[in-house]
Amino acid sequence: MNPSGHDCNAGAKRGAAASGPSSGAKRSAKTGFNPRANPKAPGARSGSASRPPIWQQTLKIIAGILLMNLLTYTCFAASFTVIGFVKERHGRATVTERLAQDGRLIGATLASRPPGEWPATLQAAAEERGYAVALADASGIRIAASGGGSSPSDKPVMSPANLNLVLAGDAAAHVERKYPFSKGVAQAGVPVSLGGKPYALFLEQPAPSLYQDFWQQVMTVFFGFLLMFVLMLLIGRPWREQGGFSVYISAIRRMSKGDFTVSIDKADRMRGHFGELATSINDMAAELNQMEQMRQAFISNVSHEIQSPLTSIRGFARALQQEGLDDQQRQHYAGIIEAESVRMSRLSDNLMKLTTLEADQQQLHPKTYRLDQQLRSTILACEPVWSEKDIYMDVNLDEKVFVNGDEELLSQVWMNLLTNSLKFTAEGGTVSVEAKRTAGGAVICVSDNGIGISEEDLPHIFERFFKADKSRSRRMNGSGSGLGLSIVKVIVDLHGGEVKASSKPGAGTTITVTLPDLPLADREAHGTAQPTRPT
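Sequential numbering from 7 applies to the sequence shown in the numbering used here.
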């Protein structure tokens, strides 16, 4: 190993995107699914049935409310008429009896007054109670008075029959209307004796129309319905904008049945929370659709990766059953079976690890440790590989580079990156490992001058089962599963870091990992507030 300086971005570009050897063929298809590539595909609509224009819906609502008002007013008028008529029939006796009682009180007052004060007494009583009052004898009206202008006439209209009846000592009472439900008068006559002479005292007051309060109540009901209509328009505006919850319910039901091609048509009028809801449902459906595509691709890739070693194991197991094989051939076939078994075991382990990490079931056990020491240990662990291929290891590590993370998981990151570089670097090549401190934390670069990665494949190297250039993997006699860099990315993300790749075909590859820095107090506690470089 050479501790000489090495530029992190000047290293040769690495080739494969998988940890471990790779002999498998490049996967059949890349998972470059775009859930929004064709949102108008058949069957991708939910709630796209045509609906009538807003003005038609509004006219229907207005017509319905007017019809409801008409029916309400008709029923209200009929009920009001019947109830008013019954109430008026039962209330006649009460009204006329009250008039008769007031008449007897007025008569008693007149009996205690001299005749000269009778007109003033009648006028005072009439004004106080709002009656029209008349005092009559056998010859006709002698004194008349009205109060408050409430009487329909200046003096009561007395029929001769009623006058004679009262003068004879009986009381008379009736309510008279010109039309059945129009305004009328209520009249009562009582006999009084003044100075030993019989008189008839008549009191009269207006009888209100049965429909006196009808129109007031009708207007109350009308404005009540009008207010309700306005409130319905205001409250129901969101429903009109999005056509009701039926669109959303239909979309969600389709997704619950596994149809993730749902896309809700959003009209320009869909604003506010309902527009946001439609957008959220579309986004959720797109994400679920993408996950479903990834799941199907994952199953296909796993089946392919497992089928390949199983085919080899089955074929060479049959070959071992043949007679006439010498020991050297048997050992060779057995070695292939063992290698394929190891490959399947490694695939299973990587799948388990990746599934655990992506499901957030991996419990991190962070601690503060020296990253430079961990990197040196990883490089030494790979010594048999780089020694056998005569690869020059260019190591440039700052001293006392502290990180706070899961030491075991980060060790797997460095092992995956280093084995990738060693696998795709030719004999006599160079692999560089650099760790340094920056203002934002620790930066680790693993570079090689291997065969590199094409610009087309570079964005996909952190995807599961991705293998760049199947012919390259075959030339390197690799047997990788395409999961190594996927595991690297997930672990780095769990630590809040970032991993990037740069490469050119024939010039090598550089993988750069950035980990968050420790707080200053933690660095001082470990004796290195200002890291120093080795001399």
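We treat Cβ as the ideally placed atom computed from N, Cα and C, and that holds for glycine. Computed from a prediction, not measured in an experiment: that's the story for all the values here.
Inter-residue distance for E389 and A432 is about 15 Å (C-alpha atoms, whole angstroms). If you draw a 10 Å sphere on the C-beta of F229, you find fewer than 16 other C-beta atoms in it, and that means exposed. By the Cβ criterion, the stretch 368 to 385 is not in contact with the stretch 327 to 338, since fewer than three pairs of Cβ atoms, one from each stretch, lie closer than 8 Å. Straight-line spacing of the CA atoms in P465 and S262 works out to 33 Å.
Annotation: M399 is outside any alpha helix (DSSP H); the continuous beta strand (DSSP E) that includes it extends over Y398 to L403. The shortest C-alpha to C-alpha distance from V439 to any of T516, S165 and L491 is the one to T516. The alpha-carbon separation between L283 and S354 amounts to approximately 41 Å. Uninterrupted beta strand (DSSP E) stretches at least 3 residues long and entirely within the stretch 104 to 153 occur at 138 to 143 and 146 to 152, given in chain order. Taking the C-beta atoms as reference points, V227 is found no nearer than 8 Å to G109. Pairing I112 with L239 gives a Cβ-Cβ distance that is not under 8 Å. DSSP, read as helix, strand or coil, puts A84 in helix.
Less than 8 Å separates the beta-carbon of V452 from that of S427. For the options M350, Y137 and L200, the alpha carbon positioned closest to that of A194 is the one of Y137. DSSP links Y205 through a beta bridge to V198. When secondary structure is reduced to three states using DSSP, L521 falls in the strand class.
The shortest C-alpha to C-alpha distance from A140 to any of Q211, M74, T80 and G190 is the one to Q211. Within its own chain, the residues whose Cβ lies closer than 8 Å to the Cβ of P121, once the five positions on either side in sequence are excluded, are L200 and G201, listed in chain order.
When the beta-carbon positions are compared, Q418 and I493 come within less than 8 Å of each other. Note: D454 is bridge-paired with V437 in the DSSP secondary-structure output. Counting along the chain, no alpha helix (DSSP H) covers T431, and no H or E run does either. Here V181 is near A192, since their CB atoms are less than 8 Å apart. Between the alpha carbons of D265 and I287 lies a gap of roughly 13 Å. Ranked by Cα distance from G434, the options E405, A99, T78 and I397 are led by I397. DSSP places V101 within a helical segment (H, G or I) once states are collapsed to three. Residue pairing from DSSP places T515 in a beta bridge opposite S509.
Under DSSP, V224 shares a beta bridge with no residue. For R376, the uninterrupted beta strand (DSSP E) segment begins and ends at P372 to R376. Annotation for V172: A178, G195, P197 and A206 place their beta carbon closer than 6 Å to its own, counting only its chain and skipping 5 residues before and after. Beta-bridge pairing by DSSP links Q193 to H180 and E210. Straight across, the Cα-Cα distance linking K506 with S252 is about 46 Å.
Counting only the Cα atoms, V496 lies some 15 Å from E413. Here K442 is bridged, per DSSP, to V449. The beta carbons of F231 and I68 sit no closer together than 8 Å.
V268 carries a coil assignment under DSSP once its states are collapsed to helix, strand and coil. Looking only at P315, G447 and D378, the smallest Cα-Cα distance to K406 is reached by D378.
Under the three-state reduction of DSSP, F408 is assigned to strand.
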